[in-house]
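J.:
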Amino acid sequence: MADYVAGNREAFVRLFERWGPRLRQMFLRQGMRADEADDLVQQTFLHLHRARADFRAGSSLRPWAYTIAANLRRQVLRRRGRKPEVGLDPAAGEPPAPHEDPDAGLVGAQVRAALARLPEAQREVIVLHWFEGLSFREVAVVLGATATAVKVRAHRGYTRLRAELEAVGVTAFEHVAYGDVK
Amino acid sequence: MDCADVRAALVRGEVPSGPAAAAHLSTCPACMTLVESPGLVRALGEDARPPDPGVDALLARTLAAVADEHGAATKMRELATPWRFLLALAVAVAVPLLVLLVTPRPDLAVVPRGRFALDMFLYALPAVAALVVALWPMQGTVSMHTRGLVALCGVLAAACVAALPPIHASHPASLVASAEHGRRAIACLVFGTLSAIPAFVVMRMLAREGARVGTKAFVLGLAAALSGSAAVFLHCPINHPAHLWAGHVTVLLPAAIWALAHGRGRL
């Protein structure tokens, strides 16, 4: 980012190549449609471009990018006035039943579907903490909440996610797979 | 050991152990839930695939959008945030100051200094707060509650100025016949709204995300409207409460109408 602020246009392409795919996947995991995810990635980088004069050399781009992304996503949700849609994007769709397709990607699909059923406040914390690898303190900064509140949301979210996955039989599937391996 | 260490250990497939881990887990229910749920951790790991790198078309679209960013408004919103704030503040102060210098209220000499300062403070404080919130950059987060609180304070401050006892009753310019109240109130509403326009235009140019959300749009409009209200206060000598409510407080209404229409996507 410091290179881009200094006027190196190529640095923007490098930034996009590094963060664009990651942000796109994050939006999809948070229940956005593929076209919405693309728009949000574009808007995130447009805002990074507009805000480049605020960037201080030596600081990290990561909290910036995630905060802008979270704020833009919230605006989209507020504007469309309903919960994130699921099932329209193949990557976020309903998983097949375990007995129909016991392939390696099955559990991942069930995780995405279970994530989509979580309340918005819990889902965004889990996506940022587990999948994006942000600390709870960083998640708190990105979401404009306290670290304590974020930890409570994470605790509730992980507990509910565990219950959701148990309910759709992920645990049973794992037991079968473990027995097969042995 | 902290939450990041616990997550890193779980991602590596290890279970955090030792006194430091036990001490942390006893105080962190979120980490404890993960440690106690190896099945959940494995399932989450199944979905941790690398992102799809095929975003060339999206990159091209984004580069085109960035290349489209030109013109005076673009230059203004790309200024560093402290400069954007100072520029907006300068315009918001300049209009009332100009009114004070060019067409000051005729009773200015008899207005008690303390009360004058109090009324100006009631306009200035929420206006500055609204300005800061409206121009806050996207890489920072201002909650809806904060925006709502600032908006409420702005409206209450303008209402307070109207609700306070009349500044004085010792100047003929402040006395208006009842039949004149309606006409004079409309004149003040128009004067205040026109005075708010320069600050509004500049702030819209300086706001990076174009204030697409209703409350954000209202806070932006409110800052400009308070600048307009201050200009009316510095111009109009009428102290009657009915006039203040009908002609001065109503300067906030165009901001509210604009925000409402904007929030619903009609503008």
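Which chain is which? The protein sequence lines are L and A, in order.
Counting in numbering that gives the first Met the number 0, the first sequence runs from 0 upward without gaps.
Counting in numbering that gives the first Met the number 0, the second sequence runs from 0 upward without gaps.
C-beta: ideal position from N, C-alpha, C; glycine also.
Rounded C-beta distance between R183(A) and I237(A)? I'm assuming under 8 Å.
T.: Numbered from its first residue, the second sequence carries residue 183(A) at position 184. Numbered from its first residue, the second sequence carries residue 237(A) at position 238. Indeed they touch by this definition, with Cβ atoms about 6 Å apart.
J.: Is the separation between the beta-carbon of G227(A) and that of G181(A) shorter than 8 Å?
T.: Position 228 of the second sequence holds residue 227(A). Position 182 of the second sequence holds residue 181(A). No. Outside cutoff.
J.: Taking the alpha-carbon positions, what's the P101(L) to G57(L) distance?
T.: By one-based count along the first sequence, residue 101(L) stands at place 102. By one-based count along the first sequence, residue 57(L) stands at place 58. With a pLDDT of 43 at P101(L), under the threshold of 50, the modelled position of this residue cannot be trusted; read the value that follows with caution. For P101(L) and G57(L), the gap between their C-alpha atoms comes out near 47 Å.
J.: Closer than 7 Å, Cβ to Cβ, to anything on chain A: give me those residues from the stretch 18-49 of chain L, in chain order.
T.: Against chain A - using a Cβ distance shorter than 7 Å - the residues of the stretch 18-49 of chain L are G19, P20, R21, R23, Q24, D37, V40, Q41, F44, L45, H46, H48, R49.
J.: Taking 8 Å as the threshold (beta carbon to beta carbon), is N70(L) in contact with chain A?
T.: The count along the first sequence starts at 1 and reaches residue 70(L) at position 71. It does; some Cβ of chain A falls within 8 Å.
J.: R76(A) versus chain L: which residues are under 7 Å apart at the beta carbon?
T.: As a first step, residue 76(A) must be located in the second sequence, where it is residue number 77. Result: R49.
J.: Can at least three beta-carbon pairs, one atom from the stretch 128-147 of chain L and one from the stretch 32-51 of chain L, be found at a separation below 8 Å?
T.: no
J.: Looking at C-alpha atoms only, which residue of L225(A), A158(A), W257(A), A176(A) is the closest neighbour of A245(A)?
T.: Position 246 of the second sequence, counted from the first residue, corresponds to residue 245(A). Closest option to A245(A), judged by alpha-carbon separation, among L225(A), A158(A), W257(A), A176(A): A158(A).
J.: Could you pull out every residue in the same chain whose Cβ sits closer than 7 Å to the Cβ of A176(L), ignoring the five residues on either side in sequence?
T.: What you label residue 176(L) is simply residue 177 of the first sequence in a count that begins at 1. Model confidence at A176(L) stands at a pLDDT of 36, short of 50, so the residue's coordinates are unreliable and nothing is read from them.
J.: Got a sec? Which residues, its chain only, sit under 7 Å from V110(A) by beta carbon, not counting five neighbours each side?
T.: Start at 1 with the first residue of the second sequence, and residue 110(A) comes out as number 111. The residues are I166, H167.
J.: For N70(L), count neighbouring C-beta atoms within 10 Å of its own C-beta (all shown protein chains included) and say buried if the count is 16 or more, exposed if not.
T.: Here residue 70(L) refers to the residue found at position 71 of the first sequence. With 16 or more other Cβ atoms within 10 Å, it is buried.
J.: Give the C-beta separation of P81(A) and H154(L) to the nearest angstrom, bearing in mind that I take them to be a contact with Cβ-Cβ under 8 Å.
T.: Translated into the one-based positions of the second sequence, residue 81(A) becomes position 82. Translated into the one-based positions of the first sequence, residue 154(L) becomes position 155. Not really, about 39 Å apart at Cβ, beyond 8 Å.
J.: Could you give the distance in angstroms between the alpha-carbon of V167(L) and the alpha-carbon of A139(L)?
T.: To locate residue 167(L), count along the first sequence from 1; it is residue 168. To locate residue 139(L), count along the first sequence from 1; it is residue 140. Going from the Cα of V167(L) to the Cα of A139(L) covers about 31 Å.
J.: Answer yes or no: does any C-beta atom of chain A fall closer than 8 Å to that of A52(L)?
T.: On the first sequence, residue 52(L) is found 53 positions in, with the first residue counted as 1. Yes, because at least one Cβ of chain A sits closer than 8 Å to the Cβ of A52(L).
J.: Is there a Cβ of chain L sitting closer than 8 Å to that of G139(A), yes or no?
T.: The sequence position of residue 139(A) within the second sequence is 140, counting from 1. Yes, G139(A) lies at the interface with chain L (some Cβ there is under 8 Å from its Cβ).
J.: By the criterion of Cβ-Cβ separation under 8 Å, what are the contact partners of P28(A) in chain L?
T.: Position 29 of the second sequence, counting from 1, holds the residue named residue 28(A). Within chain L, the residues near P28(A) are K150, V151, H154.
J.: Roughly how far, in whole angstroms, is the beta-carbon of A133(A) from the beta-carbon of A206(A), given that I think they are within contact range, below 8 Å?
T.: If you number the second sequence from 1, residue 133(A) lands on position 134. If you number the second sequence from 1, residue 206(A) lands on position 207. Indeed, because the Cβ distance is near 6 Å, the residues count as touching under 8 Å.
J.: Could you tell me the distance, in whole angstroms, from the CA atom of W63(L) to the CA atom of W135(A)?
T.: Here residue 63(L) refers to the residue found at position 64 when the first sequence is read from its first residue. Here residue 135(A) refers to the residue found at position 136 when the second sequence is read from its first residue. If I take the Cα positions, the gap works out to 13 Å.
J.: What whole-angstrom Cβ distance do R186(L) and L117(L) have, given they're in contact under 8 Å?
T.: Outside the displayed range of chain L (0 to 181) lies residue 186(L), so it cannot be described from this structure.
J.: Between the stretch 220-241 of chain A and chain L, which residues of the former have CB atoms less than 9 Å from a CB of the latter, in chain order?
T.: none
J.: Following the continuous alpha helix (DSSP H) through C2(A), name the residue where it begins and the one where it ends.
T.: Within the second sequence, residue 2(A) is the residue found at index 3, counting from 1. Per DSSP, C2(A) belongs to the alpha helix (DSSP H) from 2-10.
J.: Using a Cβ cut-off of 8 Å (strictly closer), state whether L87(L) contacts chain A.
T.: Reading the first sequence from its first residue, position 88 is the one you call residue 87(L). With a pLDDT of 40 at L87(L), under the threshold of 50, the modelled position of that residue is not reliable, and no figure is offered here.
J.: Among the candidates L78(A), C152(A), C187(A), A64(A), whose CA atom is the shortest distance from the CA of V98(A)?
T.: Along the second sequence, one-based indexing puts residue 98(A) at 99. Closest by alpha carbon: C187(A).
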